[in-house]
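Take a look at the structure below.
In full-length UniProt numbering, the protein residues as written are 1 to 97.
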């Protein structure tokens, strides 16, 4: 069973990102939105963790753009219609509230 994990909180405020990464499966994907996009800030611990992890990583393009964050080659920027399509394509959607 595949799961789309959705994070919207900053990786610098709590441990949601690390908790998510502990349970994410091989068929799962991680979508960063809102302040979670700060995980793509180069030179930070979350950036290093994600770059070495090999997880399918997506970010809402407008959230990365609003925070002036470049999207690395190992991540994919998507728009809201693609987010909707992903939520249908995966068996479950888990929002890390």
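Note that beta-carbon positions come from the ideal geometry of N, C-alpha and C, so glycine has one too.
Status (buried if at least 16 other CB within 10 Å, exposed otherwise) for residue i
| i | result |
| --- | --- |
| residue 63 | buried |
| residue 28 | buried |
| residue 84 | exposed |
| residue 70 | exposed |
| residue 80 | exposed |
| residue 39 | buried |
| residue 7 | buried |
| residue 55 | buried |
| residue 68 | exposed |
Beta carbon of residue i nearer than 9 Å to that of residue j
| i | j | result |
| --- | --- | --- |
| residue 138 | residue 30 | Since the first residue of the chain shown is 1 and the last is 97, residue 138 is not available in this structure. |
| residue 59 | residue 88 | no |
| residue 49 | residue 86 | no |
Alpha-carbon spacing of residue i relative to residue j, whole angstroms
| i | j | result |
| --- | --- | --- |
| residue 41 | residue 1 | 31 Å |
Spatially closest choice to residue i from the options, by CA coordinates
| i | options | result |
| --- | --- | --- |
| residue 36 | 10, 92, 76 | 10 |
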